[in-house]
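As they're listed, the protein sequences go chains A and B. Taking my numbering, the leading residue of the first sequence gets 6, the next gets one more, and so forth. Taking my numbering, the leading residue of the second sequence gets 6, the next gets one more, and so forth.
Number of protein chains: 2
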Amino acid sequence: MDAIRHRRQNPARTELRRQQVLTAAEACFCEDGFRGASMADISRRAGMSTGHIYHYFRSKEAIVEAIVERDEESGLQLIERLKGSDNILETMIERVDDCMVDRPDITKAALLLEIKAEASRNPVMAEIVRDCHNRIREQIEDILKAGQAQGSVSREIDVTAIAVFLITLWDGITVRLAIDEDVDRNAMVATIRQAYDRMLRPGKA
Amino acid sequence: MDAIRHRRQNPARTELRRQQVLTAAEACFCEDGFRGASMADISRRAGMSTGHIYHYFRSKEAIVEAIVERDEESGLQLIERLKGSDNILETMIERVDDCMVDRPDITKAALLLEIKAEASRNPVMAEIVRDCHNRIREQIEDILKAGQAQGSVSREIDVTAIAVFLITLWDGITVRLAIDEDVDRNAMVATIRQAYDRMLRPGKA
Chain A
6 MDAIRHRRQN
16 PARTELRRQQ
26 VLTAAEACFC
36 EDGFRGASMA
46 DISRRAGMST
56 GHIYHYFRSK
66 EAIVEAIVER
76 DEESGLQLIE
86 RLKGSDNILE
96 TMIERVDDCM
106 VDRPDITKAA
116 LLLEIKAEAS
126 RNPVMAEIVR
136 DCHNRIREQI
146 EDILKAGQAQ
156 GSVSREIDVT
166 AIAVFLITLW
176 DGITVRLAID
186 EDVDRNAMVA
196 TIRQAYDRML
206 RPGKA
Chain B
6 MDAIRHRRQN
16 PARTELRRQQ
26 VLTAAEACFC
36 EDGFRGASMA
46 DISRRAGMST
56 GHIYHYFRSK
66 EAIVEAIVER
76 DEESGLQLIE
86 RLKGSDNILE
96 TMIERVDDCM
106 VDRPDITKAA
116 LLLEIKAEAS
126 RNPVMAEIVR
136 DCHNRIREQI
146 EDILKAGQAQ
156 GSVSREIDVT
166 AIAVFLITLW
176 DGITVRLAID
186 EDVDRNAMVA
196 TIRQAYDRML
206 RPGKA
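Written as structure tokens, this is what we have:
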């Protein structure tokens, strides 16, 4: 009993187990879709009992929430790195390829797409996705305002509209990466950089 | 027998039945996802026997192919209307709101997203979606070249890269419409018009 209690109270171990469940769930959702993959499938893949999994996540929706948050975290880190820059627009333009390369590999892009498809008919998941979208939008707005304050981003733009536009564009990029392995990533990076430049640079925008 | 043969040979009736199946399938896929909806569900919804449905479509994938083609058709019609314009860029900019209003309502947007999510793990569907994408890309390239020839679209742009960018952007818009009912459509239309203007107008691009 003491050993069990000790294990339960070990936060590093709990975190490790949670990550193990998330990784198994990502693989199951990618293969069979959100509805096709059951908690039993996920637990089998994670090498745990189903009861054990419910100890970490109360439902499949809670697992999705954690997956979305893990993805959001990597998006927020990209935005965070912009904060220290003394030319935010240049750094945004420079970092476009990091966003393409670091972030959604094909499998991950497909999973995010699956989650968004499910969100369109599942109100709980729609709320998870919308909350995440709103947090990211606010962060992008802040970065754009910081760029305006330092003079690297045009003061003429509507920061909210542009933030929504950028999220929309990156959602589209996720779709493209998910369904087209042969997409010309270099051409795409070049075109996105042009879009950033033409829509945000002072004197152009 | 003659009556049956007669019905089978009536193309208008066949087309009507096919459309009836497609409409039922769209509703089933929207509610339960591609994998969640069976041919039996679709036939129940369409008010036909399952055997009868196989007379019109050999598989769920064939139904999806027809749904994608129906959507492609409406996209191609939008492009077609641009062909007669003596200022293709202006007409593209003008028509952005038609594309938002005419085309993907929330339910349809969700279905297209579902199809793309499934395409990311189903090679047959990936090919259907990719073929459709390639046909639309070629049409957009042709329109952009026609715009360049008449002088309304910058000759400096890479027509293939811009065509892929436009498809990517509209995929993103489909995602946004599917998961966020409250999206500010007017602000979105304004920002997309800016993007078209800044990326395509001679002297700017």
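Where a beta carbon is used, it is the ideal one built from N, C-alpha and C, also for glycine.
Beta-carbon spacing of residue i, residue j below 8 Å
{"i": "A224 of chain A", "j": "K88 of chain A", "result": "In the structure displayed, chain A extends from 6 to 210; residue 224 of chain A sits before or after that span and is not available."}
{"i": "E77 of chain B", "j": "I141 of chain B", "result": "yes"}
{"i": "A1 of chain A", "j": "S125 of chain B", "result": "A query on residue 1 of chain A cannot be resolved here, the shown segment of chain A reaching from 6 to 210 and no further."}
{"i": "L27 of chain B", "j": "A71 of chain B", "result": "yes"}
{"i": "I58 of chain A", "j": "S43 of chain A", "result": "no"}
{"i": "A32 of chain B", "j": "I68 of chain B", "result": "no"}
{"i": "L205 of chain B", "j": "L94 of chain B", "result": "yes"}
{"i": "Q176 of chain A", "j": "G38 of chain B", "result": "Inspection of the sequence shows that residue 176 of chain A is occupied by Asp rather than by Gln. No, the Cβ-Cβ distance between D176 of chain A and G38 of chain B is not below 8 Å."}
{"i": "R2 of chain B", "j": "T173 of chain A", "result": "Here chain B has residues from 6 to 210 only, and residue 2 of chain B is not among them."}
{"i": "G41 of chain B", "j": "R86 of chain A", "result": "no"}
Neighbour-count burial assignment, residue i, 16 or more Cβ in a 10 Å radius
{"i": "H138 of chain B", "result": "buried"}
{"i": "N15 of chain B", "result": "exposed"}
{"i": "K121 of chain A", "result": "buried"}
{"i": "T179 of chain B", "result": "buried"}
{"i": "R75 of chain A", "result": "exposed"}
{"i": "A114 of chain B", "result": "buried"}
{"i": "I9 of chain A", "result": "Note that I9 of chain A has pLDDT 47, beneath the 50 cutoff, so the model's placement of it is unreliable and the number below is only indicative. Exposed is the call here."}
{"i": "D185 of chain B", "result": "buried"}
{"i": "N127 of chain A", "result": "buried"}
{"i": "G143 of chain A", "result": "Checking the displayed sequence, the identity of residue 143 of chain A turns out to be Glu instead of Gly. E143 of chain A should be labelled exposed."}
{"i": "E119 of chain A", "result": "buried"}
{"i": "Q199 of chain A", "result": "buried"}
{"i": "R63 of chain A", "result": "exposed"}
{"i": "D7 of chain B", "result": "Because the pLDDT of D7 of chain B is 42, which lies under 50, any placement of that residue in the model is unreliable, and the question is left without a value."}
{"i": "S157 of chain B", "result": "buried"}
{"i": "A17 of chain B", "result": "exposed"}
Chain B residues whose Cβ lies nearer than 7 Å to that of residue i
{"i": "C35 of chain A", "result": "R126"}
{"i": "M44 of chain A", "result": "Near M44 of chain A there are no residues of chain B at all, since even the closest Cβ is about 16 Å away, more than 7 Å."}
{"i": "I47 of chain A", "result": "Under the 7 Å cutoff, chain B gives no residues; its nearest Cβ is about 16 Å from I47 of chain A."}
{"i": "A131 of chain A", "result": "I184"}
{"i": "T196 of chain A", "result": "A166, I167 and F170"}
{"i": "I178 of chain A", "result": "T173"}
Reference residue i; option with closest CA among the options
{"i": "N92 of chain A", "options": "A:A200, A:I172 and A:Q153", "result": "A:Q153"}
{"i": "V194 of chain A", "options": "B:L116, B:T19, B:A32 and B:I167", "result": "B:I167"}
{"i": "G208 of chain A", "options": "A:R160, A:E146 and A:G56", "result": "A:R160"}
{"i": "V129 of chain B", "options": "B:V73, B:T96, B:Q155 and B:S79", "result": "B:V73"}
{"i": "L171 of chain A", "options": "B:M53, B:I197, B:I84 and B:D136", "result": "B:I197"}
{"i": "L116 of chain B", "options": "B:Y201, B:A17 and B:F34", "result": "B:F34"}
{"i": "G52 of chain A", "options": "A:E36, A:Q24 and A:R40", "result": "A:Q24"}
{"i": "M105 of chain A", "options": "A:D147, A:R190 and A:G156", "result": "A:R190"}
{"i": "I84 of chain A", "options": "A:I133, A:D46, A:D147 and A:R50", "result": "A:D147"}
{"i": "A192 of chain A", "options": "A:V101, A:V169 and A:A131", "result": "A:V101"}
{"i": "E132 of chain A", "options": "B:D163, B:G156 and B:D187", "result": "B:D187"}
{"i": "I162 of chain B", "options": "B:T55, B:D202, B:R50 and B:E36", "result": "B:D202"}
{"i": "Y61 of chain A", "options": "A:S79, A:L149, A:T19 and A:T96", "result": "A:T19"}
{"i": "E36 of chain B", "options": "B:M97, B:T112, B:T96 and B:D103", "result": "B:T112"}
{"i": "I145 of chain B", "options": "B:S90, B:Q155, B:V169 and B:D136", "result": "B:V169"}
{"i": "I149 of chain A", "options": "A:D103, A:R135, A:T96 and A:S79", "result": "Per the sequence shown, the amino acid found at residue 149 of chain A is Leu instead of Ile. Ranking the options by Cα distance to L149 of chain A, first place goes to A:T96."}
{"i": "Q155 of chain A", "options": "A:S90, A:S54 and A:G56", "result": "A:S90"}
Per-residue contacts from residue i into chain B (C-beta, under 9 Å)
{"i": "G208 of chain A", "result": "By Cβ distance, chain B contributes nothing, its closest Cβ being about 12 Å from G208 of chain A, past 9 Å."}
{"i": "D103 of chain A", "result": "The contacting residues do not exist; D103 of chain A stays about 18 Å from chain B at best."}
{"i": "D76 of chain A", "result": "Per Cβ cutoff of 9 Å: no residues; D76 of chain A is ~14 Å from chain B at best."}
Under 7 Å by beta carbon: chain A residues contacting residue i
{"i": "Q199 of chain B", "result": "M204"}
{"i": "E119 of chain B", "result": "A122"}
{"i": "R140 of chain B", "result": "Neighbours of R140 of chain B on chain A: none; closest Cβ ~14 Å, over 7 Å."}
Chain-ordered neighbours of residue i on chain A, where CB pairs are closer than 9 Å
{"i": "M193 of chain B", "result": "A166, V169, F170 and T173"}
{"i": "D163 of chain B", "result": "A192, A195 and T196"}
{"i": "R40 of chain B", "result": "D37, G38, R40 and G41"}
Neighbouring residues, chain B, relative to residue i (Cβ below 8 Å)
{"i": "L149 of chain A", "result": "In chain order: nothing, as chain B lies at least about 13 Å away."}
{"i": "I98 of chain A", "result": "Chain B residues near I98 of chain A: none, gap ~14 Å exceeds 8 Å."}
{"i": "A115 of chain A", "result": "A122, S125 and R126"}
{"i": "R181 of chain A", "result": "V169, I172, T173 and D176"}
{"i": "R22 of chain A", "result": "Within 8 Å Cβ-Cβ: nothing; R22 of chain A doesn't reach chain B, min ~27 Å."}
{"i": "V134 of chain A", "result": "I184"}
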